[in-house]
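Letter 194 of the sequence shown, counting from 1, is numbered 194 in the numbering used here, and no numbers are missing. Every residue, glycine too, gets a C-beta built ideally from N, C-alpha and C. All of these numbers come straight from a predicted model, not from anything done at the bench.
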Amino acid sequence: GEIQYSAGYGVKEAGLAAPVTSETIYQAASNSKPVTAMVVMRLVQDGILDLDQDVNQLLQTWKLPENDFTQRHKVTLRGLLTHSAGVSVSGYRGYPAGAGIPTLLQVLKGESPANCEPVQVFQQPGKGFFYSGGGYLTIQQVIEDVTGQALEDLAEEFIFEPLGMDHTTFATILPERFHDQAASAHRGNGEVVPGRWHTYPEQAAASLWSTVEDLSKLVIEILSAYQGQSDRVLSPRMTRLMLTPQLGWMGFGYV
């Protein structure tokens, strides 16, 4: 139930001497999704969102295009959170230094400068599992349309600040205060990625930066809440619901 030891090994960038420490932050990739799921579950707990409502009744800035697949089976947050809503776009590859950065709306629509296809329903919701980053961006748009607040701000308010996750952010553009702590990205051959890393505007799916220690704090809180010993982010009941498999083995953001 508590962190016993934390250390870093190696250097933050090949060819330089700056060491990795317990405060070195890394791009946490799809760990963004379970954190987003926790924001959703907090909004459900607070009575702001409904897991089983048609998301197009919630979306305002953009609508998930309706088609034959959605006539009888609507897309819901429950389906999106468990990758069972039949929504397209598995993952995102980010944007190299100097490239134009699209807005969330441009990514959802697949419009320039976005480097992805538009998000759409390609199979009957509830029919089966398909890992969908596009589904999580749909969730982000729901969150921001309904609350009028940015996902990164809600995650800070609900999760990062209460748990003391001081080296964690959802910001699309990494804040300057974190640059000296950040590990550079490297290719498989050991070369540093130009510009040190790619930028991911797809916050709910891929933009999280964090440390091993901060993510450990998150895991400790989830386990404590599950056991009925904490409610700093979610109630024990809501935590258990989040971790309950909905489609075979997939919970809400967590396996």
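Limits of the alpha helix (DSSP H) - the one that residue i falls within
i: Y131; result: First-last for Y131: undefined, no H or E at that position.
i: L154; result: L151 to A155
i: M38; result: S32 to Q45
i: T239; result: P236 to M242
i: L293; result: Because the chain spans 1 through 255 in this model, residue 293 falls outside it and cannot be assessed.
i: V107; result: L104 to K109
Endpoints, beta strand (DSSP E) assigned at residue i
i: Y26; result: Y26 to A29
Residue nearest to residue i in terms of C-alpha spacing, selected from the options
i: E2; options: L223, F69 and G251; result: L223
i: L243; options: Y226, G164 and R187; result: Y226
i: Y92; options: P102, Y26, A85 and D46; result: P102
i: A155; options: T36, Q4, E144 and W249; result: T36
i: Q53; options: I159, S216, L174 and R78; result: R78
i: E161; options: V233, Q45 and T199; result: V233
i: F158; options: Q4, V44, G188 and L59; result: V44
i: G100; options: Y9, G110, A114 and L247; result: A114
i: K74; options: T239, S184, W249 and Q120; result: Q120
i: K33; options: L151, V142 and A205; result: A205
i: N31; options: E111, S207 and A14; result: S207
i: Q246; options: S216, V193, T76 and T147; result: T76
i: Q181; options: T169, E66, T239 and Q141; result: T169
i: L174; options: G228, N189, E152 and Q57; result: E152
i: Y136; options: T21, G15, S6 and M38; result: M38
i: V55; options: E144, M165 and A150; result: E144
Bridge-paired residues (DSSP) for residue i
i: W62; result: Looking at the DSSP assignment, W62 forms no beta bridge with any residue, so it has no partner.
i: S210; result: Y26
i: V192; result: H186
i: P19; result: V11
i: D54; result: T76
i: L247; result: M250
i: V255; result: According to DSSP, which records beta bridges pairwise, V255 is partnered with nothing at all.
i: T169; result: W209
i: Y136; result: Paired residue(s): none; Y136 is not in a bridge.
i: V87; result: V121
i: Y200; result: Beta-bridge pairing links Y200 to no other residue.
i: Y95; result: T199
Residue i classed as buried or exposed, judged by whether at least 16 other C-beta atoms fall within 10 angstroms
i: H179; result: exposed
i: D68; result: exposed
i: A18; result: exposed
i: R42; result: buried
i: L105; result: exposed
i: S230; result: buried
i: Y9; result: exposed
i: Q60; result: exposed
i: G253; result: buried
i: V255; result: exposed
i: S210; result: buried
i: L16; result: exposed
i: S112; result: exposed
i: P201; result: buried
i: S132; result: buried
i: Q141; result: buried
i: A85; result: buried
i: V219; result: exposed
i: A183; result: buried
i: Q203; result: buried
Expected contact under 8 Å - CB spacing of residue i and residue j to nearest Å
i: T260; j: L51; result: In the structure as shown, the chain begins at 1 and stops at 255. Residue 260 is therefore absent and cannot be evaluated.
i: G47; j: H198; result: Contact flag wrong, Cβ pair sits at about 38 Å.
i: H83; j: F122; result: 13 Å between Cβ atoms; not a contact.
i: P118; j: T70; result: With 8 Å as the limit, P118 and T70 do not qualify as a contact, their Cβ atoms being about 15 Å apart.
i: E23; j: H167; result: 6 Å
i: A185; j: Q27; result: 7 Å
i: S97; j: P194; result: Reading off the sequence, residue 97 comes out as Ala, not Ser. 6 Å between Cβ atoms; contact.
i: E213; j: S6; result: 5 Å
Closer than 6 Å: residue i CB and nearest the ligand MG heavy atom
i: P201; result: Ligands are entirely absent from the displayed structure, and the ligand MG is therefore not among its contents.
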